[in-house]
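Undergrad:
There are 2 protein chains.
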Amino acid sequence: MGGQVMVDWSANLGPEREFVARTATADRVADVLRTRIIEGLFPPGTRLSEEAIGRVLGVSRNTLREAFRLLCHERLATHELNRGVFVRVLSADDVVDLYQVRRVIEGAGVRAAGQSTPGALDSVRAAVSDGERAAARELWLEAGTADLRFHQALAGLVGSPRIDELMRGVLAELRLVFHVMPSRQHFHQAYLPRNREIFELLETGNLPAAERALAVYLDDAEHELVNAYREHDGIAESMDEEGKAPSR
Amino acid sequence: MGGQVMVDWSANLGPEREFVARTATADRVADVLRTRIIEGLFPPGTRLSEEAIGRVLGVSRNTLREAFRLLCHERLATHELNRGVFVRVLSADDVVDLYQVRRVIEGAGVRAAGQSTPGALDSVRAAVSDGERAAARELWLEAGTADLRFHQALAGLVGSPRIDELMRGVLAELRLVFHVMPSRQHFHQAYLPRNREIFELLETGNLPAAERALAVYLDDAEHELVNAYREHDGIAESMDEEGKAPSR
DNA sequence: GCATATTTGTCCGTATGTATA
DNA sequence: CTATACATACGGACAAATATG
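Following this line, the structure appears as structure tokens:
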């Protein structure tokens, strides 16, 4: 009856088995749910039912609650006492704050590009190229991913694991915004040339100009996003969908 | 037998009952443990036994495990599969990274002091004064607290809730360092005059000078701390205390 | 190296409070 | 207002991993 869950570790047998990072079930469950949320399969407002998800994933409610705690701590979900866990619905103020954090982090990254090692800009360059290639082939989803990777790479110039993780969290939260907005395919597209511009300013060592270009980029993106979001916010509040949007 | 824990909410009866932020048991348990860890009652390396702590706090193992997840996510504890949860033991590299994050955040705070509202420097001023008062009365613990509040206030100049929380986490982690170092009473003390200096540069609007003073401050503090920590680290590794330090 | 004790990992069942139709 | 559904939290069980003698 009870007892540990039977995970099929034999899927990757061999001597590597020792090196497989065995993780707790709650961590793996959190990974799965995080992916679902980030990719928009569980749109903001969706209630994450203990019973339903536990049944689907084949884990107990106790384990599931541990996973929920992690997601709430990452701000991808919110916990309402005695009501359950819901995929986070960001406010316009949240978007403003997220861009404020981006200004701080990415700005620090650009400024740190001065002392960084020779190959530090490689991942920035790769993200710019990937974005342009994807756009040329009209793969808007990939172009969007490359755009996010570009900014993650900018944050990476600081060279701090904690900053990297903070940036991952910030971009994950921003994905929640994209999932409540219609037609976001072209959102990233328009900014791809500006990524190229910022990268080239970095490469030539013109850091003040790069910093200015980045600041303008972030201001523009924030305004576009917040304006569209405020509009959509009004729509979302007027219609009261079933079980999805928490009423209070 | 089973059933919800009987919390005595009657302690704060009256109409305010509606406004009491009822939190889940796991959150309250995490609060208690976080305080214990930050204050050094559970020094780094201490194993947090599910059975022992659950018995003392009067909560079930399941609830306790939810609380542990939160602490691990805050980097105040680490989870080792099938071995349990331990109070985090920071490496010297961690200290370096924490100061890198501080440079980014506090630097952004100082730079943001230009656009901030009139009363924004109030909490900075208060922290400086409190620190000096505490030092004058030789209350080193209070002086240390005021020092941390000063830097939290610097981060607060950015005006971002997320940055504020990040800074809280960073300072909480740094406390873990202080708890493995002997005689840290005078550590903060020496920096109090420099807090005053930075504040006055901010007040007079000399932001570039304030930024430079802060950078020097952080470099000095980092070096002092890392050097002392590396020494102590060597000592800690040679002696293998009972059950506290995880061997592998 | 082996047998044993301890502790964690995970599940299940269940009583009870809370929110909502 | 009652009924229903669900979250909250507890306790017990047992497998598996780890620590101990």
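Line by line, the protein sequences give chains A and B.
According to numbering that gives the first Met the number 0, the first sequence is numbered sequentially starting from 0.
According to numbering that gives the first Met the number 0, the second sequence is numbered sequentially starting from 0.
Cβ atoms here follow ideal geometry from the backbone N, Cα and C, with glycine treated the same way.
Alpha carbon to alpha carbon, how far is PRO43 of chain A from ARG87 of chain A? Give it in angstroms, no decimals.
TA: If you draw a straight line from the Cα of ARG87 of chain A to the Cα of PRO43 of chain A, it is about 5 angstroms long.
Undergrad: Say whether chain B places a C-beta atom closer than 9 angstroms to the C-beta of PRO43 of chain A.
TA: Chain B, which has no Cβ nearer than 9 angstroms to the Cβ of PRO43 of chain A, makes this no.
Undergrad: So for PHE41 of chain B, helix, strand or coil by DSSP?
TA: PHE41 of chain B falls in the coil class under three-state DSSP.
Undergrad: Would ASP146 of chain B and TYR98 of chain B be called neighbours here (beta carbons separated by less than 9 angstroms)?
TA: no
Undergrad: For ASN194 of chain A, count the other beta carbons within 10 Å of its own beta carbon; 16 or more makes it buried, fewer makes it exposed. Which is it?
TA: When all chains shown are included, ASN194 of chain A counts as buried.
Undergrad: Going along chain A in order, which residues have a C-beta closer than 7 angstroms to the C-beta of ASN61 of chain B?
TA: ASN61
Undergrad: Taking Cβ-Cβ distances below 8 angstroms as the criterion, which residues of the segment 60-84 of chain B are in contact with chain A?
TA: ASN61, ARG64, GLU65, ARG68, LEU69, HIS72, GLU73, HIS78 and LEU80
Undergrad: Suppose contacts are defined by Cβ-Cβ distances below 9 angstroms. Is ALA171 of chain A in contact with ARG102 of chain A by that definition?
TA: no
Undergrad: Could you work out which residue in A:ARG174, A:HIS150, A:LEU173 and A:LEU175 is closest to GLY163 of chain A when comparing CA atoms only?
TA: Residue identity differs from the one stated: residue 163 of chain A is Asp in this sequence, not Gly. If you compare the alpha carbons of A:ARG174, A:HIS150, A:LEU173 and A:LEU175 with that of ASP163 of chain A, the shortest gap goes to A:HIS150.
Undergrad: Going along chain A in order, which residues have a C-beta closer than 7 angstroms to the C-beta of PRO160 of chain B?
TA: Going along chain A in sequence order, the residues near PRO160 of chain B (Cβ under 7 angstroms) are ASP96.
Undergrad: Determine whether the Cβ of GLN151 of chain B lies closer than 9 angstroms to any Cβ atom of chain A.
TA: no
Undergrad: In the DSSP output, which residue or residues are listed as bridge partners for PHE198 of chain A?
TA: BP columns for PHE198 of chain A are empty, so no partner.
Undergrad: Consider the Cβ of LEU165 of chain B: report whether some Cβ of chain A lies at a distance smaller than 9 angstroms.
TA: Yes, LEU165 of chain B lies at the interface with chain A (some Cβ there is under 9 angstroms from its Cβ).
Undergrad: Quick one: using the 10 Å Cβ neighbour count with 16 as the cut-off for buried, is SER159 of chain B buried or exposed?
TA: buried
Undergrad: Step through the CB atoms of chain A and report whether any lies within less than 9 angstroms of the CB of ILE36 of chain B.
TA: no
Undergrad: For GLN188 of chain A, which residues in chain B fall below 7 angstroms Cβ to Cβ?
TA: By Cβ distance, chain B contributes nothing, its closest Cβ being about 27 angstroms from GLN188 of chain A, past 7 angstroms.
Undergrad: Rounded to the nearest angstrom, how far is the Cβ of MET180 of chain B from that of ALA133 of chain B, given a contact under 8 angstroms?
TA: Not a contact, Cβ separation roughly 20 angstroms.
Undergrad: Under the rule that 16 or more other beta-carbon atoms within 10 Å means buried, what is HIS185 of chain A, buried or exposed?
TA: exposed
Undergrad: For a contact meaning CB atoms closer than 8 angstroms, what does ILE104 of chain B contact in chain A?
TA: VAL103
Undergrad: Can you tell me where the alpha helix (DSSP H) holding THR144 of chain B begins and where it ends?
TA: 139-155
Undergrad: Just the chain A side, please: which residues come within less than 9 angstroms of ALA25 of chain B by C-beta, in chain order?
TA: ARG64 and ARG68
Undergrad: Measuring only the C-alpha atoms, how far is VAL286 of chain A from VAL58 of chain B?
TA: Coverage of chain A is limited to positions 0 through 247, which leaves residue 286 of chain A absent and any answer about it impossible.
Undergrad: When the cut-off is 9 angstroms and only beta carbons count, does ARG21 of chain B lie next to chain A?
TA: yes
Undergrad: So ALA111 of chain A and VAL157 of chain A are in contact, right, with Cβ under 8 angstroms, and what is the actual spacing, rounded?
TA: 5 angstroms
Undergrad: What's the gap between the Cα of ASN61 of chain A and the Cα of ASN61 of chain B?
TA: When only Cα atoms are considered, ASN61 of chain A and ASN61 of chain B end up about 7 angstroms apart.
Undergrad: Is the segment 126-142 of chain B touching the segment 125-145 of chain A in the sense that three or more CB pairs, one from each, lie closer than 8 angstroms?
TA: no
Undergrad: Strictly below 7 angstroms CB to CB, what residues from chain B border VAL100 of chain A?
TA: SER159, ARG161 and ILE162
Undergrad: At 4 residues or longer, what runs of the alpha helix (DSSP H) sit wholly inside the segment 72-150 of chain A?
TA: 91-111 and 121-135
Undergrad: At least one CB of chain B closer than 9 angstroms to the CB of VAL169 of chain A: is that the case?
TA: yes
Undergrad: Is any beta-carbon of chain B found at less than 9 angstroms from that of ALA119 of chain A?
TA: no
Undergrad: Buried or exposed: ASP218 of chain B, going by 16 or more other Cβ atoms within 10 Å of its Cβ?
TA: Counting the other CB atoms within 10 Å of its CB gives ASP218 of chain B a total below 16, which places it among the exposed residues.
Undergrad: Which residue marks the beginning of the alpha helix (DSSP H) containing MET166 of chain B, and which one marks its end?
TA: 160-179
Undergrad: Any idea if GLY106 of chain A is buried or exposed, counting beta-carbon neighbours within 10 angstroms, 16 or more meaning buried?
TA: buried
Undergrad: Is the beta carbon of VAL109 of chain B less than 9 angstroms from the beta carbon of LEU153 of chain B?
TA: Result yes, Cβ atoms of VAL109 of chain B and LEU153 of chain B sit closer than 9 angstroms.
Undergrad: For the segment 211-226 of chain A, which residues have a CB atom closer than 8 angstroms to at least one CB atom of chain B, in sequence order?
TA: Of all residues in the segment 211-226 of chain A, none has a Cβ within less than 8 angstroms of some Cβ in chain B.
Undergrad: Looking at the C-beta of ALA107 of chain A, does it have a partner C-beta in chain B at a distance below 9 angstroms?
TA: yes
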